[in-house]
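Student:
Residue numbers (this note's numbering): 8 to 183.
1) Please classify residue 113: does DSSP put it in a helix, a strand, or coil?
2) Measuring CB atoms only, is the segment 100-109 touching the segment 36-53, in the sense that at least three cross pairs come out at less than 8 angstroms?
3) Starting from residue 119 and walking both ways along the beta strand (DSSP E), at which residues does that stretch end?
4) Measuring straight from C-alpha to C-alpha, what distance separates residue 100 and residue 18?
5) Distance check for residue 63 and residue 76, CA to CA, integer angstroms please.
6) Going by DSSP in three states, residue 101 sits in which element: helix, strand or coil?
7) Tell me whether residue 55 sits in a helix, a strand or coil according to DSSP, three-state version.
8) With burial defined as no fewer than 16 other Cβ atoms inside 10 Å of the residue's Cβ, what is the status of residue 84: buried or exposed?
9) With H, G and I counted as helix, E and B as strand and the rest as coil, what does DSSP make of residue 84?
10) Starting from the N-terminal side, write out each stretch of the alpha helix (DSSP H) that is 4 residues or longer and does not extend beyond the segment 18-56.
11) Would you tell me roughly how many angstroms separate the C-alpha atoms of residue 168 and residue 142, rounded to the nearest one?
12) From the DSSP output, read off the bridge partner residues of residue 61.
13) May I have the straight-line CA-CA distance separating residue 68 from residue 119, to the nearest angstrom?
14) Quick check on residue 135: does DSSP put it in helix, strand or coil?
15) Between the Cα of residue 112 and the Cα atoms of 180, 135, 94 and 66, which residue gives the shortest distance?
16) If we count Cβ pairs, one from each stretch, closer than 8 angstroms, do we get three or more for the segment 159-174 versus the segment 23-43?
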């Protein structure tokens with residue numbers, strides 16, 4: 008991870024809107040952009056095709072993006088690996104890194120003994136992976152390549168945060 012700075016810290020929560028609002032009130036972060044039921048064309052949990060219906064809130068807190076993630080469907084997932092379903096537990100889930108070659112980084116993590124907890128692709132082909140580094144770090148690591156759609160979104164969130172006056176701290180967006 009030394010070659011890749013942390014770009015995002017993500018928390019698993021039962022309600023992304025409520026979590027974003029609490030974080031904003033406590034730390035002044037935001038604004039947060041909420042995407043409901045993010046569409047995935049591929050979702051593999053530990054190599055098995057499984058649905059992963061999730062919503063996320065994305066905001067800025069200083070130099071880092073903060074993400075709150077809720078899982079909308081029951082069943083096994085990288086989220087429930089750390090926070091079992093119906094346990095009521097929530098907390099930090101992963102940090103995200105930009106990598107030059109997603110497949111090569113997945114292979115490197117796998118070779119180091121870190122299983123791929125989630126491999127997913129959005130409808131536009133954007134892919135990401137969640138690597139199980141829990142035994143080593145206490146959390147997972149999300150990997151993705153810095154493609155234009157992703158870096159543009161990161162830039163947008165950061166620019167909105169730079170102008171943020173506290174008005175409308177939780178907003179809705181749509182990913183197709």
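Where a beta carbon is used, it is the ideal one built from N, C-alpha and C, also for glycine.
These numbers were taken from a predicted model, which means no experiment stands behind them.
Tutor: Once the coordinates are examined:
1) As a first step, residue 113 is located in the chain shown; it is residue number 106 there, counting from the start. Helix.
2) Contact fails between the segment 100-109 and the segment 36-53, because fewer than three Cβ pairs, one in each stretch, are under 8 angstroms apart.
3) Position 112 of the chain shown, counting from 1, holds the residue named residue 119. In the DSSP annotation of this structure, residue 119 is not part of any beta strand (DSSP E), being labelled neither H nor E.
4) For this step, residue 100 is matched to residue 93 along the chain shown. For this step, residue 18 is matched to residue 11 along the chain shown. For residue 100 and residue 18, the distance between alpha carbons rounds to 5 angstroms.
5) Here the question's residue 76 lines up with position 69 in the chain shown. Here the question's residue 63 lines up with position 56 in the chain shown. Pairing residue 76 with residue 63, the inter-Cα distance amounts to about 5 angstroms.
6) Taking the chain shown and counting its residues from 1, one reaches residue 101 at position 94. If DSSP states are grouped into helix, strand and coil, residue 101 belongs with the strands.
7) Within the chain shown, numbered from 1, the residue matching residue 55 stands at position 48. The answer is strand: DSSP assigns residue 55 an E or B state.
8) On the chain shown, position 77 is the one that residue 84 refers to. Label assigned to residue 84: buried.
9) Position 77 of the chain shown, counting from 1, holds the residue named residue 84. The DSSP-derived three-state label of residue 84 is coil.
10) 23-34, all fully within the segment 18-56.
11) The residue you call residue 168 lines up with position 161 of the chain shown. The residue you call residue 142 lines up with position 135 of the chain shown. If you take the alpha carbons of residue 168 and residue 142, they lie about 34 angstroms apart.
12) In the chain shown, counting from the first residue as 1, residue 61 sits at position 54. Partner(s): 78.
13) Numbered from its first residue, the chain shown carries residue 68 at position 61. Numbered from its first residue, the chain shown carries residue 119 at position 112. Between residue 68 and residue 119, the C-alpha separation is close to 31 angstroms.
14) Position 128 of the chain shown holds residue 135. Residue 135 falls in the strand class under three-state DSSP.
15) Counting from 1 along the chain shown, the entry for residue 112 is found at position 105. With distances taken between Cα atoms, residue 112 lies closest to 135.
16) Because the criterion of three Cβ pairs below 8 angstroms is met, the segment 159-174 and the segment 23-43 touch.
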